[in-house]
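J.: Residue numbers (full-length UniProt numbering): 1 to 281.
Right, I'll just put the structure down here and ask away after.
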């Protein structure tokens with residue numbers, strides 16, 4: 001029997017084919033978006049699909065998108081929300097993870113189980129209670145209402161707890177014996193040892209915050225507070241006679257590029273962060 005006809009070879013070939021098919025299915029919407037950002041409006045809505053722009057527009061659709069709506073404002077708001085959410089989540093998650101992993105106190109196990117259980121609650125279920133809270137606080141249509149609900153993350157707390165477990169107790173005890181306080185131990189010993197985990201969590205939180213659509217849609221209605229995810233709807237509103245699909249695709253491309261860059265260059269940290277927490281501790 002030929003080597004190429006062996007069951008092992010056939011199985012490997014089938015795996016490659018299936019992987020290629022799945023990759024094409026997932027990549028095609030991104031390809032369609034990228035190509036459409038450089039097409040003319042009639043070509044986009046044409047029933048005949050072309051894999052490359054027949055009427056290449058250059059950066060015309062991007063310029064049009066900036067003229068129709070405050071694209072710079074959308075970019076600023078998305079960057080601000082993502083940066084604050086990432087920074088605060090990293091700090092609070094590391095603090096909570098350190099407390100859960102290295103301190104013994106009444107109710108610790110119950111609190112850990114509570115944190116884990118909140119990870120099982122779909123985000124959509126919490127939208128109404130969160131909106132009621134920010135309304136009572138007077139934070140509707142404000143940066144506080146847009147940012148604060150995303151400043152804590154149960155997955156981040158759980159992930160940091162699992163990583164802190166791997167830090168030897170002897171290191172912390174030696175620092176205490178030398179007279180270091182808990183704050184100094186946390187910032188100068190624990191945090192440096194958590195750098196790879198913090199990098200993974202930062203990428204995960206950034207992706208979640210940057211692409212979050214539902215909460216900004218509910219929390220703010222003023223255009224000057226809109227983020228990229230919700231700002232795209234400005235180009236496809238039903239009251240318009242003709243949706244501006246080219247401009248919408250251009251904005252979607254701008255919104256997607258940071259995520260693609262993160263995935264291409266930092267996918268090792270992303271995969272590590274998503275899998276390591278499940279097997280540590």
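Note that beta-carbon positions come from the ideal geometry of N, C-alpha and C, so glycine has one too.
Thinking C-beta only, is residue 134 closer than 7 Å to residue 140?
T.: As a position in the chain shown, residue 140 is number 140, starting the count at 1. As a position in the chain shown, residue 134 is number 134, starting the count at 1. Result yes, Cβ atoms of residue 140 and residue 134 sit closer than 7 Å.
J.: Roughly how many angstroms lie between the CA atoms of residue 137 and residue 42, to the nearest whole one?
T.: One-based indexing of the chain shown puts residue 137 at position 137. One-based indexing of the chain shown puts residue 42 at position 42. So the two alpha carbons sit approximately 47 Å from each other.
J.: Mind listing, in chain order, the continuous beta strand (DSSP E) runs of no fewer than 3 residues lying wholly within the region 45–82?
T.: Listed in chain order, nothing qualifies, since the region 45–82 has no complete beta strand (DSSP E) run of 3 or more residues.
J.: My output table needs one value for residue 226: the three-state DSSP class, helix, strand or coil.
T.: Here residue 226 refers to the residue found at position 226 when the chain shown is read from its first residue. The answer is coil: DSSP assigns residue 226 none of H, G, I, E or B.
J.: Consult DSSP for residue 266 and reduce its assignment to one of helix, strand or coil.
T.: Against the chain shown, residue 266 aligns to sequence position 266. Here residue 266 sits in helix by DSSP.
J.: So, is residue 185 buried or exposed, given that buried needs 16 or more other C-beta atoms within 10 angstroms?
T.: Here residue 185 is taken as the residue at index 185 of the chain shown, counted from 1. It is buried - the Cβ of residue 185 has at least 16 other Cβ atoms within 10 Å.
J.: Assign residue 39 to one of three DSSP states: helix, strand, or coil.
T.: Indexing the chain shown from 1 puts residue 39 at position 39. It is coil, neither helix nor strand.
J.: On the criterion of 16 or more Cβ atoms from any shown chain inside 10 Å, does residue 261 qualify as buried, or is it exposed?
T.: Within the chain shown, numbered from 1, the residue matching residue 261 stands at position 261. Residue 261 should be labelled exposed.
J.: To the nearest angstrom, report how far apart residue 215 and residue 12 are at their CA atoms.
T.: Here residue 215 refers to the residue found at position 215 of the chain shown. Here residue 12 refers to the residue found at position 12 of the chain shown. Rounded to whole angstroms, residue 215 to residue 12 spans 44 Å at the Cα level.
J.: Please name the residue in 170, 64, 28 whose C-alpha comes closest to that of residue 102.
T.: For this step, residue 102 is matched to residue 102 along the chain shown. Residue 102 has its Cα closest to that of 170, out of 170, 64, 28.
J.: Under three-state DSSP, which class holds residue 210?
T.: In the chain shown, residue 210 corresponds to position 210, counting from 1. If DSSP states are grouped into helix, strand and coil, residue 210 belongs with the helices.
J.: By a C-beta neighbour count over all protein chains shown, 10 Å radius and 16 as the cutoff for buried, is residue 237 buried or exposed?
T.: One-based indexing of the chain shown puts residue 237 at position 237. Residue 237 comes out exposed.
J.: For residue 18 and residue 27, what's the separation of their Cα atoms in angstroms?
T.: If you number the chain shown from 1, residue 18 lands on position 18. If you number the chain shown from 1, residue 27 lands on position 27. Their backbone Cα atoms lie some 14 Å apart in a straight line.
J.: I need the DSSP call for residue 194, collapsed to helix, strand or coil.
T.: Taking the first residue of the chain shown as 1, we reach residue 194 at position 194. Here residue 194 sits in coil by DSSP.
J.: Can you tell me whether residue 144 is buried or exposed? The criterion is at least 16 other CB atoms within 10 Å of its CB, across all chains shown.
T.: By one-based count along the chain shown, residue 144 stands at place 144. Label assigned to residue 144: exposed.
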